[in-house]
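Everything on this sheet refers to the single structure shown next.
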Amino acid sequence: MGKVAQRKTERHNPLKPTGSDVKIVNIQKLQHLLAEDEEEEELNLNQKKDRPFQQGEGDDEEEDEDEEEEEEEEEEDEEEEEYEEIEIDEAEYEQEYGQQESRNLGELIMQKLNSKLQQKEIEEKEAEPAPVPEKVLLAYRKLAVILSTYKSGKLPKIFSILPSLNNWEQVLFITCPWDWTPHATYEATKLFVSNLQANEAQKFIQLVLLEKFRTSIEESEDHSLNYHLYRALKKSLYKPGAFFKGFLLPLVDGHCTVREATIAASVLAKVSVPVLHSSVALSQLLQRDYSPATTVFIRVLIEKKYALPYQALDDLVFYFMRFRNDNEEKEPMPVVWHKAFLAFAQRYKNDITDDQRDFLLETVRQRFHHAIGPEIRRELLAGKPRLTSGDNTKMVI
1 MGKVAQRKTE
11 RHNPLKPTGS
21 DVKIVNIQKL
31 QHLLAEDEEE
41 EELNLNQKKD
51 RPFQQGEGDD
61 EEEDEDEEEE
71 EEEEEEDEEE
81 EEYEEIEIDE
91 AEYEQEYGQQ
101 ESRNLGELIM
111 QKLNSKLQQK
121 EIEEKEAEPA
131 PVPEKVLLAY
141 RKLAVILSTY
151 KSGKLPKIFS
161 ILPSLNNWEQ
171 VLFITCPWDW
181 TPHATYEATK
191 LFVSNLQANE
201 AQKFIQLVLL
211 EKFRTSIEES
221 EDHSLNYHLY
231 RALKKSLYKP
241 GAFFKGFLLP
251 LVDGHCTVRE
261 ATIAASVLAK
271 VSVPVLHSSV
281 ALSQLLQRDY
291 SPATTVFIRV
301 LIEKKYALPY
311 QALDDLVFYF
321 MRFRNDNEEK
331 EPMPVVWHKA
341 FLAFAQRYKN
351 DITDDQRDFL
361 LETVRQRFHH
371 AIGPEIRREL
381 LAGKPRLTSG
391 DNTKMVI
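Residue numbers (this note's numbering): 1 to 397.
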């Protein structure tokens, strides 16, 4: 075996020393070679000193010098070979193990990236709606015909399992909900609101119930809402979060008329809603641009007389205060706005600070209504200032 075989065995040795260990070993080899050179030079000098003078001394010296030069050349060649072997060992070590480490790190990163990309592709494929089987398609098309003429009675079982389907939205539109009768819409609302989570029920309310609500008011001769749709709207309030996010706020954002707001607000007034849901919905309405329809909902939520958190109360104060010194609004405020202002003063006159009370009185003076204005001023002046932060009667969210 030679040095090459020895190098191969070292290369495949799992206990191969690190780069620092290799350098230490190489330095020790160099020191050992230099020490041997010094010892040989000392021996040669001692031999020259001890040698007696003889005839032909010059010739012997020349021969010795030639021999020494040859030996030195051989030693230099051996040293160069050793140096080359050491450099080759270091280069091979760095080339093998350094590249292997960098290659392993790069491959590891690429593997992780590829696995994430593959996982993302799988999730996207799973998110894509799968094609509906032909038998299911035919069954729900028949159900669509039934729902378009439904008045009363028991509905097919394939209708009752709709909320349990993963792709219920896709299957729902096969039944053509825009053609459903009001009776079928009520049954569907009761089914979906009872069996779906709030975020899923919100989708049904916004996609189906909201559109049926607006279409019914628009197409009726007296612009009234069908009784069964009115019942469906009340039923949807059993999931208040889904109702506010899927019906009320989209209705306000979609150019709601005062007629639509009045009908929807009458439903809201008849059903008890948790205070947190009401306060969040109220804050959302107060942050929107002014419109008479928005004020209708604000008034209804105020008249529920909830113990609102201070954040919602401050939003109410700022809502009415922003109409002070409003030069762009030249027309008088509608009666519904003054009624909402009066409801706020009657219910929360003891829950505002003195500074807020002064600003509101100034708003009353600038936006004065001959019938409602004096009543608002009287309620505000009769109130007591809000207690400091030591009072914990209000929730803070």
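Glycine included, every Cβ here is placed at the ideal spot set by N, Cα and C.
*asked:* Threshold first: 4 residues or longer. Then list the alpha helix (DSSP H) segments lying entirely within the region 284-310, N to C.
replied: 292-303
*Cβ of residue 308 within 8 Å of Cβ of residue 272?*
no
*Since residue 363 and residue 320 are thought to touch, with beta carbons under 8 Å apart, how far apart are those beta carbons, to the nearest angstrom?*
6 Å
*For the region 336-372, which segments carrying the alpha helix (DSSP H) assignment without a break, of at least 4 residues, lie completely within its bounds, in sequence order?*
354-366
*asked:* Restricting to runs no shorter than 4 residues, where is the alpha helix (DSSP H) found entirely within the region 111-167?
replied: 134-149, 157-160
*With a threshold of 16 other CB atoms inside 10 Å of the CB of residue 382, please say whether the residue is buried or exposed.*
exposed
*Of the residues 305, 213, 173, 291, the one placed nearest residue 264, counting alpha carbons only*: 213
*Would you report the Cα separation of residue 215 and residue 148, rounded to the nearest angstrom?*
16 Å
_Taking only three categories from DSSP, how would you classify residue 215?_
helix
*How would you label residue 333, buried or exposed, when you count the other beta carbons within 10 angstroms and need 16 or more for buried?*
buried
*Return the Cβ separation of residue 425 and residue 347 in integer angstroms, given the expectation that the two are a contact with Cβ distance under 8 Å.*
The chain is shown only over 1 to 397; residue 425 falls outside these bounds and no answer can be derived.
_So, does the region 158-173 touch the region 194-214, judging by three or more C-beta pairs under 8 Å?_
yes
_Of the listed residues 232, 208, 222, nearest to residue 250 (C-alpha basis)_ = 208
*Considering only C-alpha positions, which residue in the set 177, 173, 136 is nearest to residue 157?*
136
*Spatial neighbours of residue 302 within its chain, please: CB distance less than 7 Å, with the 5 preceding and 5 following residues excluded, ordered by chain position.*
340, 343, 344, 347
*Closest by CA to residue 189, which one among 220, 310, 230?*
230
*Cβ of residue 300 within 8 Å of Cβ of residue 258?*
no
*Under the three-state reduction of DSSP, which class applies to residue 197: helix, strand or coil?*
coil
*Nearest-angstrom Cα separation, counted from residue 386 out to residue 379*: 15 Å
*Who are the Cβ neighbours of residue 356 in its own chain at under 6 Å, not counting the five residues just before and after it?*
317
*asked:* Considering Cα atoms alone, identify which of 173, 368, 245 is closest to residue 277.
replied: 245
_Classify residue 227: buried if its beta carbon has 16 or more other beta carbons within 10 angstroms, exposed otherwise._
exposed
*asked:* Quick check on the DSSP output: the alpha helix (DSSP H) that includes residue 252 runs from which residue to which?
replied: 249-253
*Would you mind sorting residue 178 into buried or exposed? The rule is 16 or more other CB atoms within 10 Å of its CB.*
exposed
*Would you identify the three-state DSSP class for residue 204, choosing helix, strand or coil?*
helix
*When the distance is taken between beta carbons, is residue 160 closer than 8 Å to residue 196?*
no
*Using CA coordinates, which residue listed in 289, 312, 254 is at the minimum distance from residue 282?*
312
*Do residue 140 and residue 193 have their CB atoms nearer than 8 Å?*
no
*Look up residue 227 in the DSSP assignment and say whether it is helix, strand or coil.*
helix
*For residue 176, collect the residues of the same chain with a Cβ closer than 6 Å to its Cβ; drop the 5 residues on either side in sequence, then sort them by chain order.*
144
*Are the beta-carbon atoms belonging to residue 359 and residue 324 less than 8 Å from one another?*
yes
_Cα-Cα separation, residue 353 to residue 298_ = 21 Å
_Environment of residue 253 [buried if 16+ CB atoms lie within 10 Å]_ = exposed
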